[in-house]
Structure formats: structure tokens, C-alpha cells
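Mapping to numbering that gives the first Met the number 0: the sequence shown position 334 is 333, numbers consecutive. Note that CB positions come from ideal geometry on N, CA and C, so glycine has one too. Keep in mind the model is a prediction, meaning the values are calculated, not measured. Structure first, commentary second.
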Amino acid sequence: MESEKRSGELAQTLNIGRAVALAMGIVIGAGLLVLPGLAYSQAGNKAVYAWVVDALIVIPLLFIFGTLGSRYPSAGGVAGFVRTAFGSIAGGITEVVLMGAFFLGIPGIALTGANYLGYLFHLGQLGIILCAVGLLVFAGVLNYLGTQLSGMTQQILSYGLVIVLAAVAVVALVFAHPHPNAIAAPQDWLKASPIFGMVFFAFTGWEMLSFMGEEFRNPKRDFPIAVIVSFILVVLLYLGIAFAIQWTLSPHNPRTVEAPIAAILANVLGGWSGEVVSVIGVLIIMANLNGATWASSRLLFSSAREGFLPKFLAHVDPKARIPRRSILITVSTFILIVVIHGIGLLPLHEMFSLSGQNFFLLYLFSVIAYLRLVRNIFAAIFGLGTVICCLIFAGSFGTLLLYPVILALFGLSVGVLKAKRKEHHSTNMDTSGNSLSKDK
Numbered sequence: 000m001e002s003e004k005r006s007g008e009l010a011q012t013l014n015i016g017r018a019v020a021l022a023m024g025i026v027i028g029a030g031l032l033v034l035p036g037l038a039y040s041q042a043g044n045k046a047v048y049a050w051v052v053d054a055l056i057v058i059p060l061l062f063i064f065g066t067l068g069s070r071y072p073s074a075g076g077v078a079g080f081v082r083t084a085f086g087s088i089a090g091g092i093t094e095v096v097l098m099g100a101f102f103l104g105i106p107g108i109a110l111t112g113a114n115y116l117g118y119l120f121h122l123g124q125l126g127i128i129l130c131a132v133g134l135l136v137f138a139g140v141l142n143y144l145g146t147q148l149s150g151m152t153q154q155i156l157s158y159g160l161v162i163v164l165a166a167v168a169v170v171a172l173v174f175a176h177p178h179p180n181a182i183a184a185p186q187d188w189l190k191a192s193p194i195f196g197m198v199f200f201a202f203t204g205w206e207m208l209s210f211m212g213e214e215f216r217n218p219k220r221d222f223p224i225a226v227i228v229s230f231i232l233v234v235l236l237y238l239g240i241a242f243a244i245q246w247t248l249s250p251h252n253p254r255t256v257e258a259p260i261a262a263i264l265a266n267v268l269g270g271w272s273g274e275v276v277s278v279i280g281v282l283i284i285m286a287n288l289n290g291a292t293w294a295s296s297r298l299l300f301s302s303a304r305e306g307f308l309p310k311f312l313a314h315v316d317p318k319a320r321i322p323r324r325s326i327l328i329t330v331s332t333f334i335l336i337v338v339i340h341g342i343g344l345l346p347l348h349e350m351f352s353l354s355g356q357n358f359f360l361l362y363l364f365s366v367i368a369y370l371r372l373v374r375n376i377f378a379a380i381f382g383l384g385t386v387i388c389c390l391i392f393a394g395s396f397g398t399l400l401l402y403p404v405i406l407a408l409f410g411l412s413v414g415v416l417k418a419k420r421k422e423h424h425s426t427n428m429d430t431s432g433n434s435l436s437k438d439k
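Here it is as C-alpha cells:
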């Protein structure tokens, strides 16, 4: 019996080191290559304060993730939290909204990496699409072969990238000539408020770590530590890059917006800067895709195990103890979306816009679940304040909110139908049982 139980469970291979690497690989995305320069071009020398303020804003959200992830570790992640708090139908709605985010955003990440490869090797549109498919297959193979290999690869990629990007910041600050008035006075931090929302998206991604909760060796201890350590490292890296850009570049230079890290490296490496940044960009994307594929496949696995998706996807390989069927379906869906983009039906900017708002709504769902599950005065005040902030921010999405609303309605319909079918089945079983008793 014990062996049968273990064959249906996911392998618990995540320690603090691997979890920190996964978190950093997911959070540090391709936006780091352009977002600091874009923020600087819009807010000037006040831009660095936006990074500080947003880092402070995300702390309560990460506290909530850390609390829920340590208390309710589940392959369902945010959907698991919502299901525990409000039941299976609410969990199903959350799963559909999550899928709507994953199945647009992650192919978009692959296409971004393919664009870097296209620049490096002078590829056309077809070549870029094939590269995106190749990157997704690479991430899928890593995940399919097991968490040991994918976790080890993630550690190498994530820690290597942090070292390389930190070195870029240090080189800029030590060897480059400072730009006049690189940093504004401390009292000017409020003047950076117009870019707070844009910069905040650099701090999303920790919600994906919650999907690996079931695979932690000691989730109660290690999950919060992984969130804290990765947060500290990410913030230090972001501030270093943002400060280095303001220290060395002009906010009016077109290169500041288009390729700020390349502009920094150009002062040191000359003509090789574009190639170096392309390689860094591809490595960032590879780390992103590995962690995101891991999280997405666990979402499908958990949803199938809970009865929302076909039970076929809830199968766990008895030897590797990973959901290989879910991994295959996940990567196949990603590739399908890339092909749809390739024939011109789904622009890249729409993929990011729609998935980005869904990811933000997941924060809101988590906070609401936190209010239900953690019942004390501090949690109520803390949670309500965070909900209000999230609702204000979500109001800026406008008509794009129709996308998650449609997904939520679909999830509600499927959940209600499944609940009625289950109730009808139970009624028939009871009726059959009573009839047998009377016959006896």
C-alpha cells in the first residue's frame, strides 16, 4: 500500500538552493534587459526610487505567498490555496484563469528568446518560430527527464546569470564615467510614481513557486526561506542594474530604451556588446522557461487530480515520480500557441498584456484566500489593505479584463456541471444501495 501511495505522489526533491534558483529564474525575465532603461527614460534620475518602492510594495504579497505556501503546500499553487479556502468550484475557476495566463505568457517568453537568437544568427520569421519551438522543447525535455536534472540546470543558469548581471553592474559603476545628476534627491521619490505600475511587473513570478510546494522536502521551513532569499537577491540585482544604467547613460539616448545593458557593455566591449547581451537574453529565457514549464505542468496535474481536467493528466510516473503526461500536454499547447502566433493570429504584445493581467489577478485571489484561511486581527487588517491596493491597480486594465472574466465564467460553468454530475452519481448510488437493502 505504501508503494502504491508513493507512486501517486510527486518526488520531493526541492531544497532551499534549488527553490531559490527556480524563483530567481522565473522572476528575472527578459524585461530586465529593457525595463530599467525604459523606466529611466520616462522618469529620469528619479527612476531608481520606483524600484525601491515596488520592492517594498511586493513584500506583503510575498508574505502572503510564504504563509500559504508553507501551510498548504500543493501542486495546485494559487488554485490550491483558493480551493482550500472556498471549495472545488472556486479552485476550478482559478485554474482556468491560471491556464489563460500560462498558455499565452510562456509561449511569449519563448518567442522573446527566439528573437534574441534571431538577432544573433540573422534569422527570418520562420527561423525565429522554429527557435521558439526549440526552446520550449528544451525546457520540456529537462522537465520530462526529472526534477533532479531540471533543478540542477536551473541552479546553474540562475546563479550564473545573477553573477554575470551583477558583474555588469559592478563594471559600470567602477569603470564608467558617471552621468551628471545620476541620482535625484531623496525627497523626489514621489515624482517616480507614474512608472510604479510599469516597474511592478518586474516583481511578478513568485506566484509560480507556489505550484512546486508539494515537491519541497520541508515546505513549512524551506518555502518561506526560499521566498525571502530569492527576494533579497533579486532586489539587489535590480537596484544594481537600475543604478548602473542611471550612472552611465543618458535618459535621452535611444539605446537607453532599446538595449540599456548593451549600451553599458559597449563602453567595455565595444562592438561585441550586442552579441553578449543576446547570449545573456537567451540564458535568461532558458531559465524562465524551465521554471515556468515546471509550474504549468503541475497546474495541469493538480487540476486533473482534483477532477477538473481528465484523469489521464493526473498520472505520475512510478519511477521518476513526475507527471510526464502533463508535461507533454503542457509543452504541446505552448508550441501550438507559438504556431498560431507564427501565422499572424496572435500578436506578441497581446499575449503579454493578457497573461500579465491574469498573473496580477492571481495575487488578488491569493490575498482573498489568505483572509479566509488565516483568521486573526492582523491578517484581516493586513489582507483587506492589500485587497484594496490590488483592486485599485486592477482597475487600470480596462476592457482587457473581459479575458479573465470570460475564462472565469467558463471555469464556473464547468465546475457547476461537474458538481451536479457528482451529486447525481451520489444520489444514484444511494438509491441503488437502499434498493438492495430493501430486497434483503
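query: Where do the ends of the alpha helix (DSSP H) carrying Phe62 lie?; result: 46–70
query: Is it true that the CB of Gly290 sits closer than 8 angstroms to the CB of Leu9?; result: no
query: Which two residues bound the contiguous alpha helix (DSSP H) that contains Phe242?; result: 218–247
query: Can you look up Phe307 in the DSSP assignment and give me helix, strand or coil?; result: coil
query: Please classify Ser192 as buried or exposed, where buried requires at least 16 other C-beta atoms within 10 Å of its C-beta.; result: exposed
query: Beta-carbon separation of Ala286 and Gln153 under 8 angstroms?; result: yes
query: Quick check: Leu298 and Ala138, are their CB atoms within less than 8 angstroms of each other?; result: no
query: For Tyr402, which residues from the same chain have a beta carbon less than 6 angstroms from its beta carbon, with the 5 sequence-adjacent residues on both sides left out?; result: Leu353
query: Helix or strand or just coil, what does DSSP make of Leu13?; result: strand
query: Any idea what DSSP makes of Leu435, helix, strand or coil?; result: Low confidence applies to Leu435: its pLDDT is 49, below 50, so where it sits in the model is not reliable, and the reading given next is rough at best. Leu435: helix per DSSP, three-state reduction.
query: With a CB to CB cut of under 7 angstroms and the five nearest residues on each side skipped, what residues in its chain are close to Leu141?; result: Leu148, Ser149, Thr152, Asn289
query: Could you name each continuous alpha helix (DSSP H) segment of 4 residues or more that falls completely within the segment 86–167, going from the start of the chain to the end?; result: 87–120, 124–143
query: Determine the burial state of Ile380: buried for a count of at least 16 other Cβ atoms within 10 Å of its Cβ, exposed for fewer.; result: exposed
query: Out of curiosity, what's the CA-to-CA distance linking Ser277 and Trp246?; result: 23 angstroms
query: In whole angstroms, what separates the C-alpha of Leu172 from that of Ala165?; result: 11 angstroms
query: Return the chain-ordered list of same chain residues with a C-beta closer than 6 angstroms to the C-beta of Val338, the five sequence neighbours on each side being excluded.; result: none
query: When the distance is taken between beta carbons, is Asn114 closer than 8 angstroms to Ile127?; result: yes
query: Rank Gly107, Leu13, Val47 by C-alpha distance to the C-alpha of Leu236 and give the top, closest one.; result: Val47
query: From this set, Ile279, Arg70, Val19, Gly159, which residue's C-alpha is nearest Met207's C-alpha?; result: Val19
query: Cβ of Met211 within 8 angstroms of Cβ of Leu13?; result: yes
query: Per the contact definition of three or more C-beta pairs closer than 8 angstroms, is the segment 315–322 in contact with the segment 50–61?; result: no
query: Suppose contacts are defined by Cβ-Cβ distances below 8 angstroms. Is Ile336 in contact with Phe101 by that definition?; result: no
query: Considering only C-alpha positions, which residue in the set Leu116, Tyr118, Leu125 is nearest to Gly341?; result: Leu125
query: For Phe215, which beta-bridge partners are listed by DSSP?; result: Leu13
query: Can you tell me where the alpha helix (DSSP H) with Phe396 in it begins and where it stops?; result: Careful: Phe396 lies outside any alpha helix (DSSP H) and carries neither H nor E.
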